[in-house]
Structures are given as structure tokens and as C-alpha cells.
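Colleague: As you go down the protein sequences, you meet chains A and B in turn. Each residue of the first sequence is one higher than the one before, counting from 1 in this note's numbering. Each residue of the second sequence is one higher than the one before, counting from 1 in this note's numbering. The beta-carbon is built from N, C-alpha and C at its ideal position, and this holds for glycine as well. Provided herewith is a single structure, encoded as C-alpha cells, for subsequent inquiry.
Protein chains: 2
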Amino acid sequence: MKVSTRGRYALRVMIDLAEHSGGEYIAMREIAARQAISLKYLERILPSLVEAGIIEGVQGKGGGYRLLKQPGEISVGEILRLTEGELAPVSCDSCVGQLPCTRTADCRTKPMWDELKRVINDYLDSVTIEALMKQ
Amino acid sequence: MKVSTRGRYALRVMIDLAEHSGGEYIAMREIAARQAISLKYLERILPSLVEAGIIEGVQGKGGGYRLLKQPGEISVGEILRLTEGELAPVSCDSCVGQLPCTRTADCRTKPMWDELKRVINDYLDSVTIEALMKQ
DNA sequence: ACAATTACCTATTGACATGGTAGGTAATTG
DNA sequence: CAATTACCTACCATGTCAATAGGTAATTGT
Chain A
1 MKVSTRGRYA
11 LRVMIDLAEH
21 SGGEYIAMRE
31 IAARQAISLK
41 YLERILPSLV
51 EAGIIEGVQG
61 KGGGYRLLKQ
71 PGEISVGEIL
81 RLTEGELAPV
91 SCDSCVGQLP
101 CTRTADCRTK
111 PMWDELKRVI
121 NDYLDSVTIE
131 ALMKQ
Chain B
1 MKVSTRGRYA
11 LRVMIDLAEH
21 SGGEYIAMRE
31 IAARQAISLK
41 YLERILPSLV
51 EAGIIEGVQG
61 KGGGYRLLKQ
71 PGEISVGEIL
81 RLTEGELAPV
91 SCDSCVGQLP
101 CTRTADCRTK
111 PMWDELKRVI
121 NDYLDSVTIE
131 ALMKQ
């Protein structure tokens with residue numbers, strides 16, 4: 001039941017970008033230094049955020065990254081789903097599709113896991129990067 | 001962000017015990033067979049539940065396990081905390097104790113993680129074994 | 001006495017995920 | 001020409017998960 005560094009680092013980058021952006025591009029090297037995160041490691045985390053259209057990366061001298069959306073319009077849930085994968089506490093694919101389920105007692109817990117997933121996602125979707133900045 | 005088999009198995013055992021108990025003791029071998037879980041593996045999961053006074057184990061012929069509380073008085077959160085450890089999405093001990101925190105941006109996320117933990121625990125504490133049985 | 005059963009211990013294994021490190025090429029831009 | 005992202009491969013060390021295996025001891029009903 002842990003969120004890994006991928007997701008936590010991504011959040012820190014988003015906050016950093018939001019705080020230091022006046023529209024110009026920010027080199028990832030700066031952020032890596034500021035946040036004390038390996039540049040190479042960050043390099044492997046960011047593409048999913050670019051792909052999703054949340055940030056933009058520009059090559060060349062003076063290039064770097066920039067937010068494409070307002071901090072108030074980016075939710076924590078969004079970032080974590082992109083970097084961590086689905087925020088589901090249990091991956092219960094084993095039951096899905098094959099009915100009747102072979103593990104009765106196990107599937108009796110499925111509605112609860114589904115609801116837990118909903119609770120988690122609802123909360124994380126309600127928090128924005130902007131809200132985090134104001135802490 | 002996953003709940004491991006330890007917690008999931010423990011829940012299945014609790015449901016099984018609740019369903020098959022008329023006060024008598026149930027051999028763990030029966031449950032292992034019924035739930036298709038390795039007996040040896042179960043043997044290592046149960047002690048924490050015994051220690052917490054949720055179930056009782058009796059040795060000797062005719063012995064086995066039994067619930068010590070009503071299914072309606074045992075919460076899922078309780079079982080998972082005993083078998084999985086603390087249900088916190090982030091173990092942010094690094095900041096605690098040392099002020100001022102060295103990672104400003106990271107700690108800006110702490111209140112959110114705390115709240116997420118609360119949300120998760122609140123939900124899981126609201127669901128009882130009895131409720132699961134009725135699914 | 002005997003069989004059943006939990007209680008408790010150690011050790012090992014295979015698979016997988018995590019959290020990086022290292023090094024390179026290509027493309028783009030001021 | 002230098003800076004910078006984009007994208008790639010490969011590797012590694014550590015830890016966790018999910019068991020498996022085997023044993024001893026203690027307890028209990030019959």
C-alpha cells in the first residue's frame with residue numbers, strides 16, 4: 001500500500017514547475033538539482049506527463065519544460081495515475097470474465113475493493129497542484 | 001498501491017471462520033483447503049490475528065480456530081492493519097523530527113498524504129466482516 | 001498411549017518491483 | 001557550436017512477495 005518514488009517525484013516536479021514558471025522553459029537539470037533527484041531518473045518519469053499533454057518539452061538551447069495547464073486544473077490523481085499506473089488497491093482481474101467465480105469468499109470482497117478504489121481516486125482527484133502549492 | 005496476499009488471505013479466513021462457525025473450533029487445514037491457500041503460508045499469517053485477540057487458536061485434537069468477536073464488530077481496516085502493517089500510502093518519516101524540512105516541495109504534499117491515509121482508513125474501518133458476508 | 005492440532009522456529013527459493021546508474025545517439029534550437 | 005530534450009539499451013543492487021520445506025514442542029480429546 002505505498003506510492004512509489006515515481007509518483008512522488010512527479011508531484012514534486014509539477015510543484016516546482018508551477019512555482020518557477022513565468023511562461024519560460026525550465027531545464028530539467030535545474031529541477032533535478034533543486035529537488036535532489038537524479039536527472040537520469042527524472043528523464044524516465046517525465047515522458048508520460050508529456051504524452052498526456054500536461055507538460056511540454058522543448059529541445060535546443062534555452063529549452064526545457066513548461067506546464068501546459070493551470071496548476072488549478074491539474075489534479076494529483078491525474079499525475080499519480082500517469083506515473084504509478086491505476087490507483088487500485090487490488091488487481092482482481094482473476095475473477096473478471098469467468099463466471100461463476102471459483103473463489104467465492106474472495107469475490108465477496110470485490111465490491112469493497114472497488115469502493116475503496118473509488119474513495120482513493122475521488123480524494124486525489126479533488127486535490128490540485130495549486131492546492132499543494134499553498135501548503 | 002497494492003494490498004498483498006497477506007491481507008487478502010486474512011480477510012478470506014475471517015469470512016470463512018464467520019460462515020462456518022457455530023462456536024466450535026475449525027482446523028486451519030479445512031480453511032486452507034476450502035480457500036485453496038497453502039497451509040504453511042496461512043500458519044504465518046494467523047499469529048498476528050491471535051495476538052490481537054480477534055481469533056483464538058486451541059491446540060490438541062478437536063482444536064482449531066474460532067472468532068472471539070462478532071463478525072459485525074470486526075472491521076476490515078483492523079484486519080488489514082494487522083496483516084499489512086500501517087495503511088499509509090507514503091511513509092514520510094524522513095521529514096518528521098527534523099525541522100526545518102530539507103525538502104520543501106515534498107513536505108508540501110504531506111498534508112495530502114495524511115488526509116489520504118485518513119480517507120482510506122476511515123472507509124476500511126466502516127466495513128465489517130459481517131457486511132462482506134452479505135455480498 | 002496415541003493422533004490431531006496449533007505454536008513456533010529456521011532456512012530457502014523464484015519471481016518481480018523498486019530505484020536507480022551508465023552510456024549512447026539523434027534532433028532541435030539560440 | 002553548445003545546450004537541451006528525446007529516446008534508447010543495458011545493467012545492477014536491494015528488497016519484498018509468496019510461497020515451500022521441514023522440523024520441534026506443547027496441548028488436547030479419545
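#1: Do LEU132(A) and ILE15(A) count as a contact pair if the criterion is CB distance below 8 Å?
#2: According to the Cβ coordinates, are ILE129(B) and PRO71(B) closer than 8 Å?
#3: From the beta carbon of TYR123(B), is the nearest beta carbon of chain A less than 8 Å away?
#4: What are the residues in the segment 11-22 of chain B lying within 7 Å of chain A by C-beta distance?
#5: Since GLU84(A) meets chain B, which of its residues come closer than 7 Å, beta carbon to beta carbon?
#6: Out of LEU116(A), MET112(A), ARG34(A), ASN121(A), point me to the one whose CA is closest to LYS134(B)'s CA.
#7: Tell me, please, whether the CB atom of MET112(A) is closer than 8 Å to any CB atom in chain B?
#8: Please check if any C-beta of chain A sits within less than 8 Å of the C-beta of ARG81(B).
#9: Give the DSSP-derived three-state secondary structure of LEU67(B) in the structure shown.
#10: For GLU56(A), name the three-state secondary structure that DSSP assigns.
#11: Would GLU130(B) count as contacting chain A if we go by Cβ distances under 8 Å?
#12: Can you list the residues of chain B that ILE168(A) reaches, using a CB-CB cut of under 9 Å?
#13: Below 7 Å, is the gap between the Cβ of ILE55(A) and the nearest heavy atom of the ligand SAM?
Modeller: Taking the geometry as given:
#1: Taking a C-beta distance under 8 Å as the contact criterion, ILE15(A) and LEU132(A) qualify as a contact pair.
#2: Between ILE129(B) and PRO71(B), the C-beta spacing is below 8 Å.
#3: Interface residue (Cβ-Cβ distance to chain A less than 8 Å): TYR123(B) is classified as such.
#4: Answer set for the segment 11-22 of chain B: LEU11, ARG12, ILE15, ASP16.
#5: Under the 7 Å cutoff, chain B gives MET1.
#6: Selected option, being the one with the closest Cα: MET112(A).
#7: Yes, MET112(A) lies at the interface with chain B (some Cβ there is under 8 Å from its Cβ).
#8: False, the Cβ-Cβ gap to chain A never drops below 8 Å.
#9: Of the three classes helix, strand and coil, the one that applies to LEU67(B) here is strand, per DSSP.
#10: Looking at GLU56(A) - three-state DSSP - the assignment turns out to be strand.
#11: With a threshold of 8 Å between beta carbons, GLU130(B) makes no contact with chain A.
#12: Residue coverage of chain A in this structure runs from 1 to 135, which leaves residue 168(A) outside it and unanswerable.
#13: For the structure depicted, the ligand SAM is absent and the ligand set is empty, with no information on it obtainable.
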